[in-house]
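Numbering (our numbering), first residue to last: 1112 to 1629.
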Amino acid sequence: MVRTRTPGILVTVLVALVAWGALVFRGPASDPGHRVVLEGTPTVEAEGLPSADVSAAAVEGADLDRLMDVVLVTLLLAFGATAASLGGLMGADAVSSSRRWSVEALLGAPMSGLLRDQVERWHRRLLWGLTGGVAVAVTAFWVLARGAPAGIGTAAPSPLSVATAVVLTVLAVLAIAVRPVHRLYRSRGRLALALRRGGASETAAVRFQRMMLVTVQLSVAVTLVTAAGLLATTEAPPAELDAGRQIAATFVATGDSARDAGLRAGLLEMAMGRLQADPALVAESLATPGAWLDRGPETVTANECGRCTTGGMPHPVHVAQVRHHVVMPGFTTGRGLDLVDGRRLNGDDDPEGEPVVLINRAYARAHFQDGPAVGKRVALGGLAGDWHTVVGVVSDVPAGGLGRTGSPFAVYFSALQHPPVTMEFVAQHLASGEELDLAAAAGTLQEAIASPPTGDLELEYVVPAAEEARRIHGTSAWLANATGVLGWVAAMAAVLAVWSAVAAQIEARTAELGTRAA
């Protein structure tokens, strides 16, 4: 029963793969070419700093596009393996049936009857395959969308693209299954010739080619499953980013503080002091959105290198694409970044002081080869930008997740010197107990900033920090699950086709040997 149903099962799998692809992907002419929507890290303008050349969301979106390219390649491989399985199965089925059909034709069976039976059989297979494949694809797409991390969504698919893809698949299946049969049996002369030559036997070369095709199919399936597993494990969120009581809150300056940078700097300093003093909170970060995960906008930045050379020529000033953050004093300590050289930002780095920055170790090694980086200057926006003195070098944040292909270089500006309107606060809410209580955490934050002079700082929203970590570090694992499923589908289709083809070969050889013995 299963063997006779195998062609219909493979048709269903083919339709499901194409329909699922039409639900997920838009096409090569679209930008982006997929329907996965990313709520990227917002880019916040800071006082006295130029606008970013590349937003944080753009860098994360580029990585999402690369991941979706991997899914597309996986889908095409799975489709190709399944189509090859169906083609090989139909070849084996034709061999096993050729003697019976040859005898029937020689005995006077009408050619139209043989073809009509074949067409009716494939009509039923296509009908069930179309219905079942679309249902499976819609269910799989719904499961994929439901399992997306927070901040990842799916756009509504186009019914026209789905219908077009399914129709093309049906035509491809007809080309694989029906047309070769019609060409093989459209004349009695060929049937008689097949009977005189032994009909059902295949040459050793044909059998070897079929075995090689099966081996390639299984290799592709194993490769897909293995790649999906590696992708899922290498991009798992770091354990420290998934703490149950960690919150990420967004504060927005309003009123006069939104228009006055000096007032806003004092407001942020006062708010940070109150948040750090609250016994229910363990403050980790107050910085521009995404800084605690090392996600932020990128801008061309110039830096003094000293007596550096490139190819024997003096190269005293380097220019590179650098990711920049605006942070409050204590940020690098709260985020566990080691101090490699110099000092950290402190409360003296205010609007009245010398403009200063911290840089990460990767930037120091790549573009400050002549002596220590501390004491040299950088200018965000290139040579025409305002120069800031490097006062310290801190360790790099471990790379991974969306945005990892952006610049490895980072610069940290003082929020007291360049106060942004929007800041993100990350902390442990100790009063939540074992599980995070968002309502209690929001109440704690409101109380900490409610009284003057912090009344112009409003709490916009508060979310579990783990959600943001999973968006950055868990999206690739989420898509890896999809590629893993595609790999298993291709593997099961190949195994099922191999089993059915071998069974058909045994049946054909048994009938042939019996006929020759008689």
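Every residue, glycine too, gets a C-beta built ideally from N, C-alpha and C. Keep in mind that this is a model prediction, so the values were computed, not measured.
Apart from the 5 residues on each side of it in sequence, D1367 sits with its Cβ closer than 8 Å to the Cβ of L1374 and D1567 in its chain, given in chain order. Excluding residues up to 5 positions away in sequence, A1473 lie with their Cβ nearer than 6 Å to the Cβ of P1519 in the same chain. In this structure, the CA atom of L1200 is about 10 Å from the CA atom of A1605. Distance from the CA of T1123 to the CA of G1512, rounded to the nearest whole angstrom, comes to 35 Å. For a cut-off of 8 Å, the C-beta gap from L1197 to L1125 is around 7 Å, short enough to register as a contact. The Cβ neighbour count for L1494, taken over all protein chains shown within 10 Å, is under 16; the residue is labelled exposed.
For T1361, same chain residues with a beta-carbon under 6 Å away, outside a window of 5 residues either side, are E1535, E1571 and Y1572 in chain order. DSSP places L1549 in the helix class (H, G or I) of the three-state scheme. As DSSP reads the structure, S1525 sits in a beta bridge with V1438. Within the model, the alpha-carbon separation for A1484 versus R1446 is close to 22 Å. Straight across, the Cα-Cα distance linking L1450 with L1187 is about 48 Å.
Under DSSP, S1396 takes part in a beta bridge, and its partners are V1537. In the three-state reduction of the DSSP assignment, A1510 falls in the coil class, being assigned neither a helical nor a strand state. In this structure, V1468 and V1489 form a Cβ contact; the two beta carbons are roughly 6 Å apart against a cut-off of 8 Å. The three-state reading of DSSP puts N1471 in strand, counting E and B together. The continuous beta strand (DSSP E) containing Q1357 extends over residues Q1357 to A1364. Taking 8 Å as the cut-off, the Cβ atoms of L1448 and A1189 do not count as close. Looking at the DSSP output, E1579 shares a beta bridge with no other residue. Less than 8 Å divides the Cβ of G1262 from the Cβ of L1149. Taking one beta carbon from each stretch, the segment 1397 to 1411 and the segment 1573 to 1589 have 3 or more pairs nearer than 8 Å; the two touch. DSSP, read as helix, strand or coil, puts L1568 in strand. By the C-beta density criterion, H1234 is exposed, having fewer than 16 other C-beta atoms within 10 angstroms. With 16 or more other Cβ atoms from the protein chains shown falling within 10 Å of its own Cβ, V1182 counts as buried. A contact between stretches requires three or more CB pairs, one per stretch, nearer than 8 Å, and the segment 1267 to 1281 fails this requirement with the segment 1152 to 1171.
Counting only the Cα atoms, A1195 lies some 43 Å from T1152. For R1385, the uninterrupted alpha helix (DSSP H) run begins and ends at A1372 to A1388, by DSSP. Assignment of R1476 by DSSP, reduced to helix, strand and coil, places it in the helix class. For P1118, the secondary structure class from DSSP, reduced to helix, strand or coil, is helix.
Classified as exposed, S1162 has fewer than 16 neighbouring CB atoms from the shown chains inside 10 Å of its CB.
Contact between the segment 1407 to 1422 and the segment 1433 to 1446 is present, with at least three C-beta pairs closer than 8 Å. The alpha-carbon separation between F1252 and L1178 amounts to approximately 17 Å. Inter-residue distance for P1260 and M1381 is about 35 Å (C-alpha atoms, whole angstroms). If you check the CB distance, K1487 and G1417 come in under 8 Å. Look at V1278 here: in three-state DSSP terms it is helix. Secondary structure note for V1505: its beta strand (DSSP E) is the uninterrupted segment W1498 to V1505.
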